[in-house]
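Following: one structure in structure tokens, then a few remarks.
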Amino acid sequence: MDDSNGSWVALFSGGKDSSWALHRALEAGLDVRRLVLVRPPEESHAYHAPAPSVARAAARSVGIPIVEAGLPAADVEPPDLANAGAGRGTDGDVEPLADVLRAIDDELEDGLAGVVVGAIASDHQVDRLRALCDRLDCELFAPLWRAEPRELATEMIDGGLEIAIVEVAGPGFDERWLGRRLDREALVELEALSREFGIHLLGENGEFETVVTDGPHMSRPVALEYEREWNGDWGRVRITDVRLE
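Numbering (UniProt numbering), first residue to last: 1 to 245.
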């Protein structure tokens with residue numbers, strides 16, 4: 001896919017799905033000019049943005065300016081992640097995102113050609129985003145949509161993404177997963193957990209969250225320092241320092 005009539009934006013959380021979608025968009029020749037980091041309110045339980053500081057550092061490494069958009073205090077589905085559950089928000093829930101995209105459209109000399117998203121499995125999510133793009137008269141590029149989970153996970157790993165797991169929840173996980181690299185060995189263990197407990201290999205049901213610290217679309221890796229927080233059947237890393245190496 002190559003579109004020379006306007007510039008693109010990518011919805012970007014710093015996690016594996018949005019990072020790989022961004023890489024695929026750049027590889028396809030899309031002129032991505034802005035990354036949009038969608039920030040949920042602290043009260044939201046449906047939308048997790050686990051490490052915005054990592055997303056900002058990754059954007060610097062990619063070399064594309066980042067724009068932040070806040071969502072209202074409601075349990076809404078994340079527009080750039082499919083692994084936080086199937087929320088049932090209204091169109092008004094994404095209006096702050098629409099406002100940001102309109103502002104970018106006005107700012108860019110050649111206008112907004114389309115939006116890149118890392119959606120994988122949620123029909124509701126893609127339907128809402130497609131409707132939003134229709135309203136804004138731009139395209140939707142969802143290169144991971146309906147991908148087979150194991151094939152996509154392997155593609156990300158073999159393609160050079162350095163993926164760190166920063167949050168886990170659900171049966172079979174323990175504290176050792178926090179901060180662990182998602183590599184082929186971890187994928188084998190996730191497959192075992194999938195067979196035993198039914199977890200999704202890509203965390204589509206909220207079983208885990210990730211950040212990407214390096215990849216083929218990045219010029220410098222992101223270094224993290226963190227502490228683990230474990231609560232019996234759920235845990236996360238609390239990032240204490242982020243820097244580009």
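C-beta atoms are modelled at their ideal positions from N, C-alpha and C, and glycine is treated no differently.
Note that the coordinates shown come from a computational prediction; the quantities given were computed from them, not determined experimentally.
Phe-197 counts as exposed, since fewer than 16 other C-beta atoms from the protein chains shown sit within 10 angstroms of its C-beta. Here Val-188 is exposed, its C-beta having fewer than 16 other C-beta atoms within 10 Å. In the three-state scheme derived from DSSP, where H, G and I count as helix and E and B as strand, Trp-20 is classed as helix.
Between the alpha carbons of Val-242 and Ala-147 lies a gap of roughly 31 Å. In terms of Cβ geometry, Val-211 and Ala-69 do not form a close pair [threshold 9 Å]. Around the CB of Gly-63, fewer than 16 other CB atoms lie within 10 Å, so the residue is classed as exposed. Residues Ala-57, Arg-60, Ser-61, Arg-220, Pro-221, Val-222, Ala-223 of the same chain have their beta carbon placed closer than 8 Å to that of Leu-244, with the five preceding and five following residues left out of the count. Leu-161 places its beta carbon less than 9 Å from that of Trp-20.
Contact between Arg-180 and Ala-186 is confirmed by a C-beta separation of about 6 Å, below the 8 Å threshold. For Leu-11, the enclosing beta strand (DSSP E) starts and ends at 7-11.
Two segments are said to touch when three or more pairs of C-beta atoms, one from each, lie closer than 8 Å; by this definition the segment 126-143 does not touch the segment 153-169. Boundaries around Arg-60 are those of the alpha helix (DSSP H), 52-62, since no beta strand (DSSP E) includes it. Between Leu-26 and Arg-33, the alpha-carbon positions lie close to 10 Å from each other. Of the other Cβ atoms in all chains shown, fewer than 16 fall within 10 Å of the Cβ of Asp-158; this residue is therefore exposed.
Secondary structure at Glu-245: coil, using DSSP grouped into helix, strand and coil. Straight across, the Cα-Cα distance linking Arg-176 with Asn-231 is about 13 Å.
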